[in-house]
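The opening residue of the sequence shown carries number 1091 in the working numbering; numbering runs sequentially from there. Even glycine gets a Cβ: it sits at the ideal position worked out from N, Cα and C. The structure presented is a predicted model; accordingly, all values stated were derived computationally and were not measured. Quick notes on the structure that follows.
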Amino acid sequence: MLPLLFSGTPFETPTYFALYLLGFLGAILLSTHTAKREGVSPVRAIDLGLFSFVLGFSGARIFHILAEAPAYYWENPIRVFYFWQGGFVLYGGLILGIVGGYCIVRFWWKESTSRWGNVVTAPIFLGIGIGRMGCLAAGCCYGRPTEAWWGMIFTNPQSGAPLHIALHPTQILEAFFCFAMAGLFYWMYQKPAKREGEPFMMGILAYSLFRFLIEYLRGDPERGFYFSSYFSTSQIVSLAAVFFVLVWLSFPKAFRWLFN
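Next comes the structure, spelled out in structure tokens:
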């Protein structure tokens, strides 16, 4: 693929980061539109996006350090700050970004968390989808070897994926799924949801189920495994998220405090 833009020039830029920023920008633009629909401030949607970007960036980096390569960073602590070399975990960014954004809306702005959940659900999916195209360009988050018709072969020596081997196109599959979910959630919840927080929680459920399944097609071993290498770190997080949403669905009165 294309790990670097303008390679060999003073403007050389990792494609991953360019698309990461493009995904953030796309999510911000969409959230300003959904904010108008929900009757909240589009300017605050931009503010929330900026806060969540910083928190998400930090969370993705911290999760990578703690879950994927703690020994490496213990021996080379200065490399914690070498973020341009990669090393991010999506779930870490989502967790810290969502928790931080929730706290900002509820405790700082004192606004409706349900409305803001409706605002951000489709934009989050859009941002993830564009970001996964950055993973495709860099060759990270690659799939296992396959003989299926959709096998994708990386040939660029700067790519993070194994070269000249047909691999499951996991980045493309996740990107397409997220684009479809962004459109679906944008279209489905143009009218008020039956239950406060429903779009956001259904978004968590949809992504967690998909992520649990696609992990079986992933081939990058550094993401961490547990329970005799049967479950990856992301699958454990996905299971926890699914369990949380199912409990929320089963005991609505017990979680009435979550959305206002």
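When you compare only the Cα positions, how much space is there between residue i and residue j?
i     : j     : result
L1140 : E1237 : 42 Å
A1135 : S1121 : 6 Å
T1260 : G1146 : 22 Å
V1189 : A1256 : 38 Å
K1281 : I1304 : 31 Å
K1200 : G1129 : 15 Å
G1273 : G1217 : 12 Å
F1333 : P1342 : 14 Å
Y1232 : P1160 : 22 Å
F1349 : R1285 : 10 Å
G1149 : W1347 : 25 Å
F1345 : W1198 : 21 Å
Y1106 : A1283 : 35 Å
V1170 : F1178 : 11 Å
L1095 : S1142 : 26 Å
L1299 : T1099 : 42 Å
P1104 : Y1279 : 36 Å
A1295 : H1258 : The identity of residue 1295 in the sequence shown is Leu, whereas the question assumes Ala. About 24 Å.
R1196 : M1242 : 44 Å
G1183 : P1213 : 15 Å
Y1108 : S1249 : Residue identity check: residue 1108 is Ala in the sequence provided, not Tyr. Straight-line Cα distance between these residues: approximately 16 Å.
Assign residue i to buried or exposed, taking buried as 16 or more other Cβ atoms, counted over all protein chains shown, within 10 Å of its Cβ.
i     : result
S1097 : exposed
H1254 : exposed
E1264 : buried
G1293 : buried
L1186 : buried
T1124 : buried
V1133 : exposed
A1434 : This structure cannot settle anything about residue 1434, because the visible part of the chain is limited to 1091 through 1350.
Y1297 : buried
T1203 : buried
V1337 : exposed
R1127 : exposed
S1319 : exposed
F1101 : exposed
P1311 : exposed
Y1306 : exposed
V1335 : buried
A1092 : Inspection of the sequence shows that residue 1092 is occupied by Leu rather than by Ala. Exposed, since its Cβ has fewer than 16 Cβ neighbours within 10 Å.
F1275 : buried
V1327 : buried
F1317 : exposed
Y1172 : exposed
Just to confirm the assignment, what range does the alpha helix (DSSP H) spanning residue i have?
i     : result
E1158 : That residue, E1158, is in no alpha helix (DSSP H); it is neither H nor E in DSSP.
W1199 : That residue, W1199, is in no alpha helix (DSSP H); it is neither H nor E in DSSP.
F1275 : T1260 to M1278
W1338 : T1323 to S1340
R1301 : E1288 to I1304
C1193 : L1180 to C1193
H1123 : T1105 to E1128
What whole-angstrom Cβ distance do residue i and residue j have, given they're in contact under 8 Å?
i     : j     : result
I1168 : L1226 : Wrong, their Cβ atoms sit about 29 Å apart, outside the cutoff.
F1244 : G1229 : 5 Å
I1194 : L1138 : 6 Å
F1302 : L1329 : 7 Å
P1235 : G1309 : 7 Å
S1324 : Y1162 : At roughly 19 Å, the Cβ-Cβ gap does not stay under 8 Å, so S1324 and Y1162 are not in contact.
E1158 : G1314 : 5 Å
Query - the segment 1154 to 1166 in contact with the segment 1116 to 1127 per 3-pair CB rule at 8 Å - result: no
Query raised in the report: Three or more C-beta pairs closer than 8 Å, one from the segment 1216 to 1227 and one from the segment 1266 to 1281: is that the case here?
Result: yes
Requested in this report: Could you tell me whether the segment 1282 to 1292 touches the segment 1202 to 1212, where touching means 3 or more Cβ pairs closer than 8 Å?
Outcome: Segments in contact, yes.
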